[in-house]
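In the working numbering, the protein residues as written are 56 to 335.
In structure tokens:
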């Protein structure tokens, strides 16, 4: 009986495992599908979150690379053809390596500590040292001389081409500068002409405004003069009236007194104009 129970329990576990695998596969298919008609349940969404979290953890795990050995290849020295040397034959390395050695990383680092990388000045070789190295390798001195002559000729050609290019570039630069200045002068001339026109217009407007202001001032001055003359004439008339009125009153008073005094027996008649009668 216990064996049958164990078998039944194992069978149920297997069935559950298969069902869970089928559900996971269905969930993956649903997650990968882009159909709008498929909708996940709450359990499926929770399981998908756990799967994504585990995948993110796996992706975030650091990956490291380690090296165990180092292979070093040595190439022999031969004659070169680069004309950039100052003088003498140039050096280069061949395509086929002469030796290959394998070292562990620890051993290589231990050997390399005493031989650090050299500077650029230390890598420069003199012509005599290049000659000696080529002779030690076993190259014929005649070939070394011929190559040195060819390299010298090529170096001279390069210098000539560089000088010609420098002259050409200088000429081109000068022409470009002249063109640039000409265009700039044309633009500046146009700007200056427009500025002059604007200045002339502004001066003309200022002159017209000044003329208008001066004419208005003259008109005001003439009006003031006319008003002053009119006021002066009025004042003169008033003065004349003031001076003439008392005299007339005095003459009238005198005439009336004379008429009163002349009323008697021996009186002579006096005209109303104020003139005395003539005696015969």
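Virtual Cβ for every residue (Gly too), placed ideally from N, Cα, C.
Option in 188, 278, 123 with minimal Cα separation from residue 147: For the purposes of this step, residue 147 is taken as the residue at position 92 of the chain shown. Selected option, being the one with the closest Cα: 188.
Buried versus exposed, by CB contacts within 10 Å (16 or more), residue 268: For the purposes of this step, residue 268 is taken as residue 213 along the chain shown, with counting starting at 1. So residue 268 ends up on the exposed side.
Alpha carbon of residue 306 to alpha carbon of residue 273, nearest angstrom: Taking the chain shown and counting its residues from 1, one reaches residue 306 at position 251. Taking the chain shown and counting its residues from 1, one reaches residue 273 at position 218. The pLDDT assigned to residue 306 is 49, lower than 50, so where the model puts this residue is not dependable, and the model offers no usable value.
Own chain partners of residue 153 with C-beta closer than 8 Å, once the 5 adjacent residues on each side are dropped: Taking the first residue of the chain shown as 1, we reach residue 153 at position 98. Around residue 153: 129, 130, 131.
For residue 126 and residue 157, believed in contact at Cβ under 8 Å, the rounded distance: Counted from its first residue, the chain shown places residue 157 at position 102. Counted from its first residue, the chain shown places residue 126 at position 71. Indeed, because the Cβ distance is near 5 Å, the residues count as touching under 8 Å.
Alpha helix (DSSP H) segment containing residue 192, residue limits: Along the chain shown, read from residue 1 onward, the residue named residue 192 stands at position 137. Looking at the DSSP string, the run of the alpha helix (DSSP H) that includes residue 192 is 182-192.
Cβ neighbour criterion (16 or more within 10 Å) applied to residue 185: The residue given as residue 185 occupies position 130 in the chain shown. Residue 185 is buried by the Cβ-count criterion.
For residue 158, three-class secondary structure by DSSP: Against the chain shown, residue 158 aligns to sequence position 103. Here residue 158 sits in strand by DSSP.
Neighbour-count burial assignment, residue 196, 16 or more Cβ in a 10 Å radius: Translated into the one-based positions of the chain shown, residue 196 becomes position 141. That one is exposed.
Distance CB(residue 207)-CB(residue 144) smaller than 7 Å: As a working note, residue 207 is residue 152 in the chain shown. As a working note, residue 144 is residue 89 in the chain shown. No.
Distance between residue 241 and residue 231 (C-alpha atoms, nearest Å): Residue numbering aside, residue 231 sits at position 176 when the chain shown is read from its first letter. Residue numbering aside, residue 241 sits at position 186 when the chain shown is read from its first letter. About 15 Å.
For residue 124 and residue 151, believed in contact at Cβ under 8 Å, the rounded distance: Residue numbering aside, residue 151 sits at position 96 when the chain shown is read from its first letter. Residue numbering aside, residue 124 sits at position 69 when the chain shown is read from its first letter. The Cβ separation is near 22 Å, so there is no contact.
Residue 312 burial status per 10 Å Cβ neighbour count (16 or more: buried): On the chain shown, residue 312 is found 257 positions in, with the first residue counted as 1. Model confidence at residue 312 stands at a pLDDT of 49, short of 50, so the residue's coordinates are unreliable; what they give is reported in the following sentence. Result: exposed.
Beta-carbon spacing of residue 191, residue 138 below 7 Å: The residue you call residue 191 lines up with position 136 of the chain shown. The residue you call residue 138 lines up with position 83 of the chain shown. Going by C-beta atoms, residue 191 is not nearer than 7 Å to residue 138.
Cross-strand partners of residue 129 (DSSP beta bridge): On the chain shown, residue 129 is found 74 positions in, with the first residue counted as 1. 154, per the DSSP bridge assignment.
Separation of residue 183 from residue 193, as counted between CA atoms: In the chain shown, the residue the question calls residue 193 occupies position 138. In the chain shown, the residue the question calls residue 183 occupies position 128. About 16 Å.
Element boundaries [alpha helix (DSSP H), containing residue 139]: Position 84 of the chain shown, counted from the first residue, corresponds to residue 139. Element bounds for residue 139: n/a, residue is neither H nor E.
Where residue 7 sits in the DSSP three-state scheme: The displayed coordinates of the chain run from 56 to 335. Any statement about residue 7 would go beyond what the structure contains.
Three-state secondary structure (DSSP) of residue 197: Taking the chain shown and counting its residues from 1, one reaches residue 197 at position 142. Correct three-state label for residue 197: helix.
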